[in-house]
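S.K.: Taken in order, these protein sequences are the chains called A and B. Its first residue numbered 1, the first sequence is counted upward by one per residue in my numbering. Its first residue numbered 421, the second sequence is counted upward by one per residue in my numbering. Idealized CB from N, CA, C, for every residue including glycine. Quantities reported herein were computed from a predicted structural model and do not represent experimental measurements.
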Amino acid sequence: MSAQTMAEKILSRAAGHPVTAGEFIEVRPDRCFTVDDTIGLIMKYHAEAGIDRLTHPERLGIFCDHYAPADSREHASDHSAGRAYARLHGLKDFFEVGTGISHQICIDRGLARPGELMFNSDSHTTTIGAVGCFGTGLGAAETAYVWATGRIWLKTPPTIRIELTGALRPGVDAKDACLALLRDHGARLATYRAVEFHGPAVPHLDLASRMTLCNMGVELGAKAAMFPVDQITIAHFAQLGINIDLESGRPDRDAAYERCVTLDLSGLRPLAARPHTVDNIAAVDTILGIRIDQAFLGSCTNGRIEDFRAAAAILAGRRVAEGVRMIVTPASALVLEQAMAEGLIQTMTRAGCIITTPGCGACAGLHLGVLGDGEVCISSSSRNFQGRMGNPTASIYLAAPATVAASAVAGYIIDPSDLR
Amino acid sequence: MLISGPALMLGDDVSTDIIYPGRYLTIADRAEQAMHALEGMGPDWPALLRAYPVLAAGWNLGCGSSREQAATALIGAGVKLVIARSFSRLFLRNCINNGLPVIECPAIVDRLATGTAIAADIGGGAATIGADTIRFAPLPASLLAIIAQGGLLAQLRAGGRP
C-alpha cells in the first residue's frame, strides 16, 4: 500500500479498504451529528421514506446551538421535536440549549478523536480537524440517509499541505493567519480538497489556534482541515483521560500532496475581511476609521477562552464607544464558566459588553444580534456574506478578537496596537 | 437524461446566504421555499427564477453554510439543471443528493448569458448551445443513479442501495 495522507488514511479505515485521492467510496462514519436547524428536515425525510429504525443510534447526536434559547415558536418546536426524536431512537448524545456550539463541545468533551471520521450537518465541522479527526459537513438529506443506513458516498479528496513557519507576533492571532491564507490564495484554494497543516510553527500553536485555522479551512473551500497528532493533541486527550491511537491521526511520511503552500506567521499584522466575501482582505491599519454599529465576539471561529482573554485585555479599564454595542457569546458553557472564574466576564460587562447564552449567537443571523438596515458590524466569526447576520443591507468585517474589542472601544475599525 | 431551456446567469462566489437566506430555514415545503430562492440577489429574483429552468454561475457556487434548502428551494422553483465553473463542495452534494442535476464546466459557462438556450445530456457529457456541442466530464454512474432516482431519500424510499 502506498504512503497515505491523513485524508486517505482516515477514509481507508472508514471505507474498510485502502483508498487513494480521487476515488468515489462508501464510508461508515464513527459519529454523525446534526444541529438544531436541520433536525426538522431529517425527521420529515425519515417520515417520508418510512424510516422507523436508525442504524447506529450510539453514533448519533443532536446539538441545540443555532437558535438556543429559541427566538420563535418554530425554532422552539424544532428543539422539542429533536428531544423527542432523541429519546424515541435512543440517540447517544443530546446537547441542550445553553451547552454551546457543536464543534466546541466535540473538542471540549473529546467526542472528536484522531483518525476518526465525523459528520455533522454544519459546514464548520472542519473545526474538529484540530485533533487529527476528519470532520466534514453534510446536508439534511445526507444526514438523514446516514442516520438511516450508517453509510454514505464520499469522494476521497486530494490534500493541500500548508506549511506554517515563523511565530505570530504579540497581538497577532491565528485568525489573522486564516485571513492571510485567504488574502494570498483566495476562497477557492482548497475546493474539494483536504488540508493538512505542517511546519516549524505548528508545535507552538495551541489547540484553540488550531481550531480557528481548521474552522476557516472551510472558507478556503476545504472538505476537511487537519493538524497531525502531536504533543499538544496528546496532552489534550490525556487531560480528558481518553486513550488515542497516535498513528491513525498522522500522515505517512512519503504521502503525496497535490500542492504545498507556505505562510510565514512572523510577518503578519492584524487583517480584516471586508464585505461581502471572506477573501476581500485588507490590513486593519489601511481601513482605519470605518464606523461600526456592532462588534461581535463569539462563534466556532473565535468564541473560546483564549479569545475572551485577548478581548478582555483590550477592554480592561475601557468602555465600549457610545452608540456601539458589543455582543459576547461564549462558544460553550465551559468557556463561560472559565471566563467567569478568570474574571473576564466582569471585565467585559464593566466595559459595557452584552453577554449572551453560549451557542452560535449572532453569526448565524437568526437571533442574539441581527443587524439593522445599513449597519456595520465587526465580527470574530468566519463569514461576511451579504445577509449573513440577518440583513442583506448590512456590512460585516471579519477580524481577530483583539481587533473586534479595540474597534468596539474606538467606535471604528482600528488596529489594537493603535488604541490609546 | 436530457435537460433543456434558457439559463439565468449569476456571478462568482454566490453563497448559500444569497441563494436562500437563513431566516427561512424553518420552511420545509419546497414550493414555499421557492418563494425565497435567490432572494439574497434582490426581492424580484425569486419570481425571475421561475422563467429559467437552468441556473448558471461562475466559480465557487454555493459557498458557505451547509443549508440544503439552497438546493431544494431551486428544485421547488422549477430549476432542472445547475451549471457552474465550479461548485462549493456542500452545495454540490446537496444538489446531487436531492436529485438536482449539476454540470461543472467553465467552457459551457463561457458561452452562457441570461436567456441563452442550452440543452444538456448529463449522462452523455454533451451540451448544445446554438449550433455548437460542448463536451464535459459526466458524473460517475453511481451519482447519476442518485440523481435519476430523485435523490438519496427517494432511493431509500424505493428500497434501492447505492
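Output yes or no for whether 8 Å exceeds the beta carbon distance between residue 241(A) and residue 402(A).
M.R.: Contact: no.
S.K.: Which chain A residues are close to residue 521(B), counting only those with a beta carbon under 9 Å from its beta carbon?
M.R.: Chain A residues near residue 521(B): none, gap ~15 Å exceeds 9 Å.
S.K.: Counting only Cβ-Cβ distances shorter than 8 Å, please list the residues of the segment 448-481 of chain B near chain A, keeping chain order.
M.R.: Flagged, chain order: 448, 460, 479, 480.
S.K.: Does the segment 357-377 of chain A touch the segment 128-135 of chain A, meaning 3 or more C-beta pairs lie closer than 8 Å?
M.R.: In short, these stretches do not touch, since the Cβ pair count stays below three.
S.K.: So is residue 286(A) buried or exposed if we call it buried at 16+ other beta carbons inside 10 Å?
M.R.: Residue 286(A) is exposed by the Cβ-count criterion.
S.K.: Ordered along the chain, which non-local residues of its own chain (more than five positions away) have a Cβ less than 8 Å from that of residue 558(B)?
M.R.: Result list for residue 558(B): 542, 543, 544, 545, 564, in chain order.
S.K.: Which residues bound the alpha helix (DSSP H) around residue 509(B)?
M.R.: Per DSSP, residue 509(B) belongs to the alpha helix (DSSP H) from 509-517.
S.K.: Quick one, which of 343(A), 163(A), 139(A) has its alpha-carbon nearest residue 152(A)'s?
M.R.: Of 343(A), 163(A), 139(A), the residue nearest in Cα terms is 139(A).
S.K.: Residue 340(A): buried (16+ other C-beta within 10 angstroms of its C-beta) or exposed?
M.R.: Exposed is the call here.
S.K.: Grouping DSSP H, G and I as helix and E and B as strand, with all else coil, what is residue 481(B)?
M.R.: In the structure shown, residue 481(B) sits in a strand (DSSP, three-state: E or B).
S.K.: Going along chain B, which residues have a C-beta under 8 Å from residue 223(A)?
M.R.: Here the neighbours are 509.
S.K.: Got a sec: which bits of the segment 17-36 of chain A sit with their beta carbon under 8 Å from any beta carbon on chain B, in order along the chain?
M.R.: Under the 8 Å Cβ criterion, the segment 17-36 of chain A contributes 24, 26.
S.K.: What residue does the beta strand (DSSP E) around residue 198(A) start on, and which one ends it?
M.R.: Its beta strand (DSSP E) spans residues 194-198.
S.K.: Could you tell me the distance, in whole angstroms, from the CA atom of residue 404(A) to the CA atom of residue 578(B)?
M.R.: One C-alpha to the other measures close to 52 Å.
S.K.: For residue 366(A), go through chain B and note every residue whose CB falls closer than 8 Å to its CB, in chain order.
M.R.: Simply 442, 443, 445.
S.K.: Where does residue 300(A) sit, in a helix, a strand or coil, going by DSSP?
M.R.: Helix at residue 300(A).
S.K.: Give me the DSSP bridge partner(s) of residue 260(A).
M.R.: 161(A).
S.K.: Where are the alpha helix (DSSP H) runs, 4 residues long or more, that stay fully inside the segment 104-160 of chain A, in chain order?
M.R.: Taking only runs of at least 4 residues, the alpha helix (DSSP H) segments lying wholly in the segment 104-160 of chain A are 140-149.
S.K.: Does residue 233(A) get closer than 8 Å to chain B when you measure Cβ to Cβ?
M.R.: It does not: the Cβ of residue 233(A) has no partner Cβ on chain B nearer than 8 Å.
S.K.: Would you check if there are 3 or more beta carbon pairs closer than 8 Å linking the segment 215-222 of chain A to the segment 83-98 of chain A?
M.R.: Cβ pair count under 8 Å is below three, so no.
S.K.: Using three-state DSSP, classify residue 426(B) as helix, strand or coil.
M.R.: Three-state result, residue 426(B): strand.
S.K.: Within the same chain, show all residues whose beta-carbon is closer than 7 Å to that of residue 433(B), passing over the 5 residues directly before and after it, in chain order.
M.R.: Only 479, 480, 483 meet the Cβ criterion.
S.K.: Based on Cα-Cα distance, which residue from 385(A), 375(A), 297(A), 305(A) lies nearest to residue 353(A)?
M.R.: Of the candidates 385(A), 375(A), 297(A), 305(A), the one whose C-alpha sits nearest the C-alpha of residue 353(A) is 297(A).
S.K.: So if DSSP puts residue 556(B) in a beta bridge, which residue, or which two residues, is it bridged to?
M.R.: Its beta-bridge partners do not exist; DSSP assigns none.
S.K.: Here's the rule I'm using: 16 or more other beta-carbon atoms within 10 Å means buried, otherwise exposed. How should residue 226(A) be labelled?
M.R.: Buried, because 16 or more other Cβ atoms sit within 10 Å of the Cβ of residue 226(A).
S.K.: Out of 50(A), 113(A), 253(A), 63(A), which one is the CA nearest neighbour of residue 243(A)?
M.R.: Of the candidates 50(A), 113(A), 253(A), 63(A), the one whose C-alpha sits nearest the C-alpha of residue 243(A) is 113(A).
S.K.: What's the gap between the Cα of residue 36(A) and the Cα of residue 522(B)?
M.R.: Near 28 Å, if we compare the C-alpha coordinates of residue 522(B) and residue 36(A).
S.K.: If distances are taken between C-alpha atoms only, which option among 4(A), 345(A), 301(A) comes closest to residue 209(A)?
M.R.: The candidate whose alpha carbon is nearest that of residue 209(A) is 301(A).
S.K.: For the segment 520-534 of chain B against the segment 370-388 of chain A, are there 3 or more C-beta pairs whose distance is under 8 Å?
M.R.: These segments do not touch.
S.K.: By the DSSP assignment, the beta strand (DSSP E) with residue 254(A) in it spans what residues?
M.R.: Unbroken run through residue 254(A): none, as it is neither H nor E.
S.K.: Verify whether the separation of the beta carbon atoms of residue 193(A) and residue 223(A) is less than 8 Å.
M.R.: Yes.
S.K.: Suppose contacts are defined by Cβ-Cβ distances below 8 Å. Is residue 236(A) in contact with residue 207(A) by that definition?
M.R.: Taking 8 Å as the Cβ cut-off, residue 236(A) and residue 207(A) qualify as a contacting pair.
S.K.: Give me the subset of the segment 295-309 of chain A whose CB atoms are less than 8 Å from a CB atom of chain B, sorted by chain position.
M.R.: Listed by position along the chain: nothing, the set is empty.
S.K.: Under a CB-based cut-off of 8 Å, is residue 437(B) close to chain A?
M.R.: By this cut-off, residue 437(B) is an interface position.
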